[in-house]
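As numbered in this note's numbering, residues 118 to 545 make up the sequence shown, in order. C-beta: ideal position from N, C-alpha, C; glycine also. The structure under discussion appears below in the form of structure tokens.
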Amino acid sequence: MSAGTGAVTAAAATDAPLAFPGAQGWAARTPGGRGGRIIRVTSLAAEGPGSFAEAVNAKGPRTVVFEVGGVIDLGMKELRINEPFLTIAGQTAPAPGITIIKGGLTIAAHDVIVRHLRVRPGDGHRPKRSGDIDAITAVRGARDVIVDHCSLSWATDENLSASSTRFLGEGEKGWMEAASRRITYSHNIIAEGLANATHAKGEHSKGSLIHDHVNDVLIVGNLYAHNYERNPLFKGGARGQVLNNLIYNPGQRAMHYNLIAEEWQGHAYSRGQMVARGNVLRAGISTEPLALFMAGGSGDIDVYFDDNLAVDRIGQPLPQQGRYTTAPISIDAIKRAPALPFGVTLLPSAKVQDAVIADVGATPWNRDPIDRRIVADVVEGRGVIIDSQDEVGGYPQYALTRKAFVEAEWHLDTMEPRTSYPRGEPLR
Numbered sequence: 118m119s120a121g122t123g124a125v126t127a128a129a130a131t132d133a134p135l136a137f138p139g140a141q142g143w144a145a146r147t148p149g150g151r152g153g154r155i156i157r158v159t160s161l162a163a164e165g166p167g168s169f170a171e172a173v174n175a176k177g178p179r180t181v182v183f184e185v186g187g188v189i190d191l192g193m194k195e196l197r198i199n200e201p202f203l204t205i206a207g208q209t210a211p212a213p214g215i216t217i218i219k220g221g222l223t224i225a226a227h228d229v230i231v232r233h234l235r236v237r238p239g240d241g242h243r244p245k246r247s248g249d250i251d252a253i254t255a256v257r258g259a260r261d262v263i264v265d266h267c268s269l270s271w272a273t274d275e276n277l278s279a280s281s282t283r284f285l286g287e288g289e290k291g292w293m294e295a296a297s298r299r300i301t302y303s304h305n306i307i308a309e310g311l312a313n314a315t316h317a318k319g320e321h322s323k324g325s326l327i328h329d330h331v332n333d334v335l336i337v338g339n340l341y342a343h344n345y346e347r348n349p350l351f352k353g354g355a356r357g358q359v360l361n362n363l364i365y366n367p368g369q370r371a372m373h374y375n376l377i378a379e380e381w382q383g384h385a386y387s388r389g390q391m392v393a394r395g396n397v398l399r400a401g402i403s404t405e406p407l408a409l410f411m412a413g414g415s416g417d418i419d420v421y422f423d424d425n426l427a428v429d430r431i432g433q434p435l436p437q438q439g440r441y442t443t444a445p446i447s448i449d450a451i452k453r454a455p456a457l458p459f460g461v462t463l464l465p466s467a468k469v470q471d472a473v474i475a476d477v478g479a480t481p482w483n484r485d486p487i488d489r490r491i492v493a494d495v496v497e498g499r500g501v502i503i504d505s506q507d508e509v510g511g512y513p514q515y516a517l518t519r520k521a522f523v524e525a526e527w528h529l530d531t532m533e534p535r536t537s538y539p540r541g542e543p544l545r
């Protein structure tokens with residue numbers, strides 16, 4: 118299933134160490150910032166000395182740790198990661214952890230690990246159709262990227278995406294090498310994309326866009342909740358595996374594929390590929406008639422579906438497949454199960470809801486009130502798609518906390534704690 122993506126790197130080498138225990142997928146062996154500098158974030162300011170932005174923009178291999186907890190307000194800007202070999206270790210922050218508001222992260226580099234952050238752009242109280250922000254997106258050329266155990270909500274474009282320029286390079290092989298690739302999105306909360314907020318197109322509550330030709334992407338163990346579409350969407354020629362995710366209360370589409378002919382004029386269509394196994398879809402209050410997987414647009418796709426569960430609000434089965442196109446596209450079933458990506462132990466769908474709920478989000482050991490509400494609403498069948506963060510309590514206002522980062526308390530090669538994550542008192 119892996120596309121040809123150029124020379125072997127550390128992330129692809131079978132003898133390289135794992136990024137961290139439990140790392141999965143084609144990016145599982147990225148070194149991130151291993152072996153580089155430890156850079157301490159000591160300020161919650163959007164920029165300047167000791168800021169998160171200063172640490173991210175530094176050159177060379179580096180691991181970003183936090184000696185502060187609280188809210189970083191980016192002022193409706195995206196923070197772009199241009200320098201490779203980076204580990205962002207949000208798990209090192211003292212409670213309440215790190216929450217980024219009014220902005221997002223754009224990953225434009227290779228070998229990047231982002232763990233245990235909350236990113237909540239929101240509408241910034243700006244006018245309708247005035248501009249949009251992803252919570253986290255990997256843009257063209259990004260490769261060997263892991264976003265793990267993050268909480269991503271209130272984006273005005275996608276909450277979590279992987280992008281491309283569609284036709285950069287020579288032919289399909291070149292296009293795939295130029296797209297973001299070898300991506301793992303694991304154990305994240307991807308929730309409450311804002312519908313009628315600031316996006317220029319109007320309604321834009323979206324979970325994850327996997328753009329044209331993005332390949333070797335693994336989406337595993339995530340919670341998608343209250344996103345109108347793209348839970349996830351694979352576009353033309355995209356290839357990857359969608360495994361053991363819980364999708365709750367989508368609007369008109371859960372998982373879908375769409376090659377848009379207008380965007381491909383003068384180019385032969387690439388064939389997409391989606392493997393979807395052990396996923397669970399539960400309809401909610403905002404869910405319209407849909408199927409678990411729906412195909413639109415004009416391009417063909419190869420699929421392998423196995424043990425996916427889709428039910429309405431009273432537990433009755435929903436269709437597994439549907440279409441929102443009249444084009445004569447081909448949806449061809451792969452005859453034999455493709456190999457699972459590295460490190461994946463597939464759960465049966467009957468166990469997925471409990472497993473996802475137990476381990477998802479930035480700080481599952483001590484969720485903040487927003488994550489607790491989202492998770493509780495999923496379990497109890499509540500909640501709706503929203504237009505603004507103000508409908509669910511608004512931006513968080515956590516007090517600044519401080520705690521020195523002590524290197525001896527952490528395995529610096531994986532940024533796992535030597536004992537356990539500091540649990541502390543429940544956040545209020």
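{"Query": "If I follow the unbroken alpha helix (DSSP H) through ASN313, where does it start and stop?", "Result": "Careful: ASN313 lies outside any alpha helix (DSSP H) and carries neither H nor E."}
{"Query": "Give me the Cβ distance between ASN313 and ASP504, rounded to the nearest whole Å; I'm assuming they're in contact under 8 Å.", "Result": "5 Å"}
{"Query": "Can we say the stretch 216 to 230 touches the stretch 247 to 254, given the rule of at least three CB pairs closer than 8 Å?", "Result": "yes"}
{"Query": "So, helix, strand or coil for TRP482, using DSSP?", "Result": "coil"}
{"Query": "Spell out a yes or no on whether the stretch 227 to 247 and the stretch 152 to 163 are touching, meaning 3 or more CB-CB pairs, one atom from each, closer than 8 Å.", "Result": "no"}
{"Query": "May I have the straight-line CA-CA distance separating VAL492 from ILE189, to the nearest angstrom?", "Result": "23 Å"}
{"Query": "Jot down the residue ranges of each uninterrupted beta strand (DSSP E) in the stretch 163 to 190, minimum 3 residues, whole runs only, in chain order.", "Result": "179 to 183"}
{"Query": "Taking the alpha-carbon of GLY139 as reference, which of ALA385, VAL181, VAL337 has the nearest alpha-carbon?", "Result": "VAL337"}
{"Query": "From the DSSP output, which residues share a beta bridge with SER268?", "Result": "ARG235, ILE306"}
{"Query": "Put MET193 into one of helix, strand or coil per three-state DSSP.", "Result": "strand"}
{"Query": "Do the stretch 277 to 286 and the stretch 452 to 462 make contact, defined as three or more Cβ pairs closer than 8 Å?", "Result": "no"}
{"Query": "Run through DSSP, which three-state label would LYS318 get?", "Result": "coil"}
{"Query": "What would DSSP say about GLU526, mapped onto helix, strand or coil?", "Result": "helix"}
{"Query": "For a quick check, are the C-beta atoms of ARG299 and VAL334 less than 9 Å apart?", "Result": "yes"}
{"Query": "Which of the three DSSP states is assigned to ARG347 in this structure?", "Result": "coil"}
{"Query": "Based on the DSSP output, what are the partners of LYS452 in its beta bridges?", "Result": "Looking at the DSSP assignment, LYS452 forms no beta bridge with any residue, so it has no partner."}
{"Query": "For THR131, which residues of its own chain have a beta-carbon under 7 Å away from its beta-carbon, when the five flanking residues on both sides are left out?", "Result": "none"}
{"Query": "Please classify ALA525 as buried or exposed, where buried requires at least 16 neighbouring CB atoms within 10 angstroms.", "Result": "exposed"}
{"Query": "Spatial neighbours of GLY186 within its chain, please: C-beta separation below 8 Å, excluding the five flanking residues on both sides.", "Result": "ALA210, PRO211, ALA212, PRO213, GLY214, ILE215, TYR515, LEU517, THR518, ARG519, LYS520"}
{"Query": "With burial defined as no fewer than 16 other Cβ atoms inside 10 Å of the residue's Cβ, what is the status of GLU309: buried or exposed?", "Result": "buried"}
{"Query": "Is the stretch 398 to 406 touching the stretch 494 to 514, taking contact as three or more C-beta pairs under 8 Å?", "Result": "yes"}
{"Query": "Give the secondary structure of ARG545 by DSSP, where H, G and I count as helix, E and B as strand, and everything else as coil.", "Result": "For ARG545, the pLDDT reaches just 38, beneath the cut-off of 50, and the residue's location in the model is therefore unreliable, leaving the point undetermined."}
{"Query": "Could you check what DSSP says for ILE446 in three-state terms: helix, strand or coil?", "Result": "coil"}
{"Query": "If we count Cβ pairs, one from each stretch, closer than 8 Å, do we get three or more for the stretch 348 to 367 versus the stretch 315 to 330?", "Result": "yes"}
{"Query": "Should ILE218 and PRO244 be called a contact, given that it needs their Cβ atoms to be closer than 9 Å?", "Result": "no"}
{"Query": "Are the CB atoms of ARG394 and VAL359 nearer to each other than 9 Å?", "Result": "yes"}
{"Query": "Does LYS352 come out as helix, strand or coil in the three-state DSSP assignment?", "Result": "strand"}
{"Query": "Taking the alpha-carbon positions, what's the ILE155 to LEU191 distance?", "Result": "23 Å"}
{"Query": "Can you check DSSP and say which residues form a bridge with ALA255?", "Result": "ILE224, ALA279"}
{"Query": "Applying the 10 Å Cβ sphere with the 16-neighbour rule, what's the burial state of HIS316?", "Result": "buried"}
{"Query": "Is it a yes or a no for the stretch 368 to 386 touching the stretch 473 to 492, going by three-plus beta-carbon pairs under 8 Å?", "Result": "no"}
{"Query": "Using C-beta distances below 6 Å, list every residue in its chain close to SER415, excluding the 5 sequence neighbours before and after it, in chain order.", "Result": "LEU376, ALA378, ALA444"}
{"Query": "Would DSSP call GLN390 helix, strand or coil?", "Result": "strand"}
{"Query": "Considering only DSSP beta bridges, list what LYS323 is partnered with.", "Result": "GLU275, GLU346"}
{"Query": "Is the beta carbon of LEU435 closer than 9 Å to that of ASN361?", "Result": "no"}
{"Query": "Apart from the five residues just before and just after VAL331, which ones in its own chain have a Cβ nearer than 6 Å to its Cβ?", "Result": "ALA279, SER281, ALA296, SER297, ALA355"}
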